[in-house]
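Under the numbering used here, the first residue of the sequence shown is numbered 189, with each subsequent residue one higher. Beta carbons are placed, not taken as given, at the ideal position from N, Cα and C, and that holds for glycine.
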Amino acid sequence: MAEAPTDAVLPILVKIQEGIAALRAEVGQFRQDDRAEHERMESLIRKQRRDAAGMLVMMRATASDFDERVSEVEERIAALEARTT
């Protein structure tokens, strides 16, 4: 006759638990990696916002300076035209 039957449920459950534990470890590592990447991207976004704000200030100052110089040239031209007429 065949050997005595054995219960296979316990070894199957142990393997399932081991698989779940391995999955949890992988998910935990993924979360840590994802958090690090997320923080890196947030830092990069903050830096780019600061850079953009700085460039905007510089552009406004440059435009203002240019406008001032054009106004001075217009005044000189108007003065020269007034002298010649």
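DSSP three-state call for D222: helix, strand or coil? To locate residue 222, count along the sequence shown from 1; it is residue 34. Secondary structure at D222: helix, using DSSP grouped into helix, strand and coil.
By DSSP, does A240 sit in helix, in strand, or in coil? On the sequence shown, residue 240 is found 52 positions in, with the first residue counted as 1. Reduced to three states, the DSSP call for A240 is helix.
By DSSP, does D195 sit in helix, in strand, or in coil? Along the sequence shown, one-based indexing puts residue 195 at 7. In the structure shown, D195 sits in coil (DSSP, three-state: anything other than H, G, I, E or B).
Tell me the rounded alpha-carbon separation between M189 and I204. One-based indexing of the sequence shown puts residue 189 at position 1. One-based indexing of the sequence shown puts residue 204 at position 16. The predicted position of M189 is uncertain, since its pLDDT is 44 and thus under 50; a value taken from the coordinates is nonetheless stated next. Approximately 32 angstroms, taken between the alpha carbons.
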